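Presented below is the structure to which this report refers.
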Amino acid sequence: MLRVLLTPRMLAFHALVALVVPSFIWLGFWQWGRGEDKAAAAALQEANIAADPVPVQELTAPGEDVPPEDRWRQVTATGTYDTEHELLVRNRDGSRGVGLHVLTPLVTDDGPALLVNRGWIEQPPSATARPEVPPAPEGEVTVTGRLQFSETPENTGIRVRDGLPEGQIMIVDVDRIAEGLPYPVYGGYAELTEQSPEGADAPEPVAAPEVDTGMNLSYAVQWWVFTVIAIVGWIILMRREVKDARDASAGPPDTPGSGGGGPGAGPDGTDGTDAPGGGPDGEAAVEDADAGAAADAAQSAAPSDAADAAANPDPADTPGARPHSGARR
440 MLRVLLTPRM
450 LAFHALVALV
460 VPSFIWLGFW
470 QWGRGEDKAA
480 AAALQEANIA
490 ADPVPVQELT
500 APGEDVPPED
510 RWRQVTATGT
520 YDTEHELLVR
530 NRDGSRGVGL
540 HVLTPLVTDD
550 GPALLVNRGW
560 IEQPPSATAR
570 PEVPPAPEGE
580 VTVTGRLQFS
590 ETPENTGIRV
600 RDGLPEGQIM
610 IVDVDRIAEG
620 LPYPVYGGYA
630 ELTEQSPEGA
640 DAPEPVAAPE
650 VDTGMNLSYA
660 VQWWVFTVIA
670 IVGWIILMRR
680 EVKDARDASA
690 GPPDTPGSGG
700 GGPGAGPDGT
710 DGTDAPGGGP
720 DGEAAVEDAD
730 AGAAADAAQS
740 AAPSDAADAA
750 ANPDPADTPG
760 ARPHSGARR
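Here the sequence shown is numbered in my numbering, starting from 440 and rising by one per residue.
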């Protein structure tokens, strides 16, 4: 019976299960790993934001990028905004949809500049129109912001394209921006959270993103549930194939009068209704057989009676015989 599990159709199904089950298991662990990575990133983000601010020069320097473990750390810097080299970062989310981030260099008293993301503004009516940007405070200011590493197409997933309006960029690539500035630039940039003195009008502050790890963990469980479903379905299909093959080899079930020993069947497997005494037709056959036997007996007895008659003739049948009167004349 097990040969039915080795047919071409079943072998193809076995191969599919052998491919699907490990893939589902791997996808489950992959989602689980992503959830753990996001949970670790969320814990680091929360801890670094809660830490006390430190001077920016303690965590980065010109020509150096921000280490991943220092991302979201609060840094401080004092200097003057250089609005002539201000840039706008396209396609950034805010409370009212997609807009722009305002990136302004803050030239510190020590000489290097820190790129400061001052916040979000609305998208202009057309792609080529110059948006209204709230002016940066004039004179010396002290800023506090969350430190971020330089953006690249790899760590953002944003494709850089040419032909943008003047003063607009797609990503905050610090090294590339520094090439067009007349002073050295600290590695990374800061998302503004506080500044003193505050401006009369300021862009909308950039909110720290919320990290959700629940979806990845639920996806991992779903992939593992799919694995169990695939295995159970495989077992059910194999059991059904074996059962169907066993039923087919057993043959069709016997029916009455089919020679298999049904009701009224004779010793030789024939229907008892065709045998003598097996039914109305059988009773007629018995009567015919009895009549035939009586005729045969009569025929066999006739010669014997004739012989007896010849040996002992009846005087009444003898020619010339007279009736016996019992008296002598």
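For glycine and all other residues, C-beta sits at the position ideal for the given N, C-alpha and C.
Quick caveat, the model's predicted, so the values are computed rather than measured.
Within 8 Å, strictly: CB atoms of residue i and residue j
i: Val650; j: Ala481; result: yes
i: Val645; j: Gly627; result: no
i: Thr581; j: Thr632; result: no
i: Glu637; j: Asn556; result: no
i: Val460; j: Thr666; result: yes
i: Leu444; j: Glu680; result: yes
i: Phe463; j: Trp662; result: yes
i: Gln513; j: Thr595; result: no
i: Asp532; j: Pro573; result: no
i: Trp471; j: Ala669; result: no
i: Leu603; j: Phe452; result: no
i: Val664; j: Val611; result: no
i: Val546; j: Tyr622; result: yes
i: Pro570; j: Leu539; result: yes
i: Gln496; j: Asp548; result: no
i: Val624; j: Pro507; result: no
Which residues DSSP lists as bridging residue i, in chain order
i: Tyr520; result: Leu545
i: Val582; result: Ala516, Gln634
i: Ala552; result: Val546, Val624
i: Ser539; result: Residue identity differs from the one stated: residue 539 is Leu in this sequence, not Ser. In the DSSP output, where bridge partners are listed per residue, Leu539 has Ile560.
i: Glu643; result: Trp559
i: Pro501; result: Tyr625
i: Val650; result: Paired residue(s): none; Val650 is not in a bridge.
i: Pro494; result: Thr515
Residue range of the unbroken alpha helix (DSSP H) whose run includes residue i
i: Ala689; result: 653–689
i: Trp471; result: 447–489
Contact set for residue i: own chain, Cβ-Cβ below 7 Å, skip 5 residues either direction
i: Asp504; result: Phe588, Ser589, Gly626, Gly627
i: Ser635; result: Val580, Thr581
i: Arg535; result: Glu561
i: Arg600; result: Met609
i: Pro648; result: none
Own chain, CB closer than 8 Å to residue i, minus 5 neighbours either side, in chain order
i: Ala575; result: Tyr520, Thr522, Glu525, Thr543, Arg557, Gly638
i: Val493; result: Arg512, Gln513, Val514, Thr515
i: Phe468; result: Ala659
i: Val456; result: Ala669, Ile670, Trp673
Chain D contact for residue i (CB, 8 Å cutoff)
i: Val459; result: No chain D is present in this structure, which holds just one protein chain.
Residue i: first and last residue of the uninterrupted beta strand (DSSP E) it sits in
i: Val528; result: 526–533
Contacts around residue i, its chain only, beta-carbon distance under 6 Å, and the 5 residues preceding and following it disregarded
i: Gly474; result: Thr652, Asn655, Leu656
i: Trp511; result: Gln484, Asn487, Ile488, Arg585
i: Leu466; result: Trp662
i: Met449; result: none
i: Thr591; result: none
Start-end ranges of the alpha helix (DSSP H) lying completely within the stretch 565–629, minimum 4 residues: List check, alpha helix (DSSP H) in window: 592–595, 613–617.
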